[in-house]
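Numbering (my numbering), first residue to last: 351 to 1018.
To keep things clear, I will list the structure first and then write my remarks on it.
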DNA sequence: AGCACGCCGACT
DNA sequence: GTCGGCGTGCTC
């Protein structure tokens, strides 16, 4: 009796939706001992001639397919780069988003690096040959965290052993690490979660939105874990480094894996914790198809692998609030209330002449004046540069770029204005409306605010921190730090006062999420203040100001969610935007209109002759809607468009695009 | 994507 | 009769 011939189930590495399923191939005898799940192979596709790359995702002996099987063409390498749990994750994430698994696998598996693979294989065989347990470098698994960190004793460890899903209210403080570096308290909390996971025998995936956050987290981790247990995996690394990191994740020992959004796809087989910092930050939204938010990928993965799941933040996103309200997430709050002293201030005319000079209200000016006697003061502004906008002096029209029609701004006092879109300087500008040649400045950027404050506070050190001038840390000496939102440095010991200046301007942005975003920007800045320091919120009232003043961001999120439910806006429901030819969008709409719990807005015409429709659907029918839309995408990709006489024979543009859970579906 | 299969007009 | 046009559909 011969053993049944093995059959490899292969995911073809192609972006085509019609190839997004498994293909079965006979494993030739010459390759049998090399073929394992996760390896890269090449396979013939559609009779001889065409060779495609793919990943073996499974090896079976029986399949439903009754046709004649082709054979695997070759093994690209024996390194199992697509871990089984990552494949399962990619499949389900793609299904949920009506996308293709190979699009998701792109985030999980970097481009192949032969040198890195060879080094990894060599190290693995060396390890296998070595005497077991003899490694002098065998890392010691850390003991569970003992520091209470402001949370009830034992809760961190309990959440890991109980595989709890939690919204964690971060402590709005900065803390000093043993190294002398100051970081947000949240970073030490995430590090504690990682230590707890490792102590319980599982790896931790820690996802942060940007590199500044990542630096804080890495510093906090370095204080509690040996470096060999920390893996950095982010998009800023070179491809070889990323590839090395992905392979390193597959170690026997549990690891702390740190990175930005795509780290959620890291191949951690034994997963103890997935923790996300600041899930409301738009950087957690993947800008590539199928546009899956890190939060959603984490939710899928948590269910598949059964780890603990933490969403940490100062402000609570409406998405997390919804999950709390339906009982899917518990809440872990600090043992006592840590609230920054927030002082909402109307944008009243300043009485003080110095304050008038800087256009800041008297209250804010007084707070800054007092605080500057003893330490650094943070001033948060909305925009970088000098004047974010220019207007024609005679007719008042906004000044536009002569090349691309983008808005003009200035970067420094007296500087030649330049386009904020294309960057081209506009040396001899004439108004397109009235042919005027002089303009006036509109609004204040970080540089102009710094100039004004410099005059109001003569002799005070001024530091500007924005996208161009990155400043991560400042010391505890008196200084005015003018920072654009999200670029605030961390001050040793915390700021002695925080002024949030451009609230009105930030709120003027047209967005469904504008309130949430502002609350996030302001509370993240407020969390950099030292205990007892004043946080002055200028020119903002209403429930946003009271949410800040009472430090109850979840109350704001809850109220916001009530509105979204009433209006049937996300995240109360899910949405999918369908873009494409009138015919394909109509068909896709028809495929979901029969489902109870789905309704459609549009279609309406958009630029370029396409149309767009928005499907709103309840979470309960998400799988059905995504499946229906996905099959419409395949249909649109495989059936040829009806020929228009006289028009070009065909275009290679896809006739239907589906995007699920767009954050701003109703704008554009 | 590519490439084979298939069903209608000009050719030896 | 059949050679080849490209529209249609499939890929283990």
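Glycine included, every Cβ here is placed at the ideal spot set by N, Cα and C.
Given the structure is predicted, the values throughout are model-derived calculations rather than measurements.
Whole-angstrom C-beta distance between residue 713 and residue 693, which should lie under 8 Å: 7 Å
Spatial neighbours of residue 485 within its chain, please: C-beta separation below 6 Å, excluding the five flanking residues on both sides. Its pLDDT being 45, under 50, residue 485 is placed unreliably in this model, and the coordinates cannot settle the point.
Counting only runs that start and end within the region 843-867, where is the beta strand (DSSP E) found for 3 or more residues in a row? Within the region 843-867, the beta strand (DSSP E) runs of at least 3 residues that lie entirely inside it are, in chain order, 845-850.
For a quick check, are the C-beta atoms of residue 370 and residue 415 less than 8 Å apart? no
Outcome for residue 678 when other beta-carbon atoms lying within 10 angstroms are tallied against a minimum of 16: exposed
On the DSSP bridge assignment, give the partners of residue 357 in chain order. 376, 410
Run of the alpha helix (DSSP H) containing residue 590, from where it starts to where it stops: Counting along the chain, the alpha helix (DSSP H) containing residue 590 begins and ends at 589-598.
Residue 506 by DSSP, collapsed to three states: which one? helix
The beta strand (DSSP E) enclosing residue 730, as first and last residue numbers: 726-731
Do residue 608 and residue 571 come within 8 Å of each other at the CB atom, strictly closer than that value? Yes, Cβ-Cβ distance for residue 571 and residue 608 is below 8 Å.
Who pairs with residue 580 in a beta bridge, going by DSSP? 606
Which residue marks the beginning of the alpha helix (DSSP H) containing residue 434, and which one marks its end? Segment 434-446, the alpha helix (DSSP H) holding residue 434.
Select from 537, 920, 452 the residue whose C-alpha is nearest the C-alpha of residue 524. Ranking the options by Cα distance to residue 524, first place goes to 537.
Locate the beta strand (DSSP E) running through residue 802, then write down its first and last residues. No beta strand (DSSP E) contains residue 802, which is instead part of the alpha helix (DSSP H) from 796-806.
Is residue 741 closer than 8 Å to residue 819 when the C-beta atoms are compared? no
Assign residue 904 to one of two classes, buried (16 or more other C-beta atoms within 10 Å of its C-beta) or exposed (fewer than that). buried
Could you check what DSSP says for residue 1008 in three-state terms: helix, strand or coil? strand
Can at least three beta-carbon pairs, one atom from the region 424-442 and one from the region 545-565, be found at a separation below 8 Å? no
Measure the alpha-carbon distance for residue 973 versus residue 446 and round it to whole angstroms. Rounded to whole angstroms, residue 973 to residue 446 spans 6 Å at the Cα level.
Whether residue 954 touches residue 962 by CB criterion (8 Å): yes
Since residue 424 sits in a beta bridge, which residues does DSSP pair it with? 392
If you reduce the DSSP assignment to three classes, tell me which class residue 465 lands in. Residue 465 falls in the helix class under three-state DSSP.
Label residue 993 either buried or exposed according to how many other C-beta atoms from any shown protein chain fall within 10 Å of its C-beta, with 16 as the threshold for buried. Reliability of the predicted coordinates at residue 993 is poor, the pLDDT of 43 falling under 50, and the value obtained from them is presented with this limitation in mind. With fewer than 16 other Cβ atoms within 10 Å, it is exposed.
Three CB pairs or more closer than 8 Å across the region 503-519 and the region 468-476: Put simply, the region 503-519 does not touch the region 468-476. Fewer than three CB pairs are less than 8 Å apart.
Element boundaries [beta strand (DSSP E), containing residue 926]: 924-930
Taking just the CA atoms, how far does residue 988 sit from residue 366? When rounded, the separation of the alpha-carbon atoms in residue 366 and residue 988 is 10 Å.
Beta-carbon contacts of residue 856 that lie in its chain and below 8 Å, excluding the five residues immediately before and after: 732, 835, 864, 867, 868, 871
Just reading off the beta strand (DSSP E) that residue 553 is part of, what are its end residues? 553-557
So residue 896 is in the alpha helix (DSSP H); what residue range does that whole segment cover? 892-899
Three or more beta-carbon pairs under 8 Å between the region 376-386 and the region 421-431, yes or no? Note that the region 376-386 touches the region 421-431; at least 3 beta-carbon pairs, one per stretch, sit closer than 8 Å.
If residue 1006 sits next to residue 935, beta carbons under 8 Å apart, how far is it from one beta carbon to the other, in whole angstroms? Contact flag correct, Cβ pair sits at about 7 Å.
Take residue 879 and list the residues in its own chain whose beta-carbon comes closer than 6 Å to its own, dropping the five residues that flank it on each side. 690, 844, 845, 848, 885
Who does residue 662 pair with in a DSSP beta bridge? 518, 627
Check whether the region 575-595 and the region 639-655 touch, using three or more Cβ-Cβ pairs below 8 Å as the test. No, the region 575-595 does not touch the region 639-655.
DSSP state of residue 679, grouped into three classes? coil
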